[in-house]
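First residue of the sequence shown? That's 862 in the working numbering, and the numbers climb one at a time after it. Backbone N, C-alpha and C fix where the C-beta goes; we use that ideal spot for every residue, glycine too. What follows is a single structure, written as structure tokens, with notes after it.
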Amino acid sequence: MPTMRQFFVDFFCDFAAKAGTALDLGHSPPGTPQGGVGAYSLVVEHSGIFIEYEVKTDIKEFFIARMLCRW
């Protein structure tokens, strides 16, 4: 089983690649749109992790605003 650190490194690298590709192709990033412009929430299946993030399209970055984890 990977360490918690390795799990998060792998998850966020994969997330950034897939979400970035979706945006480049004109699709929505993963998750549920929230009230703010470019704000999304995401539950990582089978992990107990809930993430709220913002898409910063002008600089091609994601800002993790909140992460709740039940490990």
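query: On the CB-based measure, 16 or more other CB atoms within 10 Å of its CB, does Ile925 come out buried or exposed?; result: exposed
query: Out of Cys874, Asp919, Glu915, Phe923, which one is the CA nearest neighbour of Gly896?; result: Glu915
query: What's the call for Ile920, buried or exposed, on a 16-neighbour Cβ count within 10 Å?; result: exposed
query: Pick out whichever of Leu886, Leu903, Asp885, Ala880 has its Cα sitting closest to the Cα of Leu929.; result: Leu903
query: Could you check which residue in Arg931, Ala880, Val870 has the C-alpha nearest to that of Glu906?; result: Arg931
query: So who's on the other strand from Met928, going by DSSP bridges?; result: Ile912
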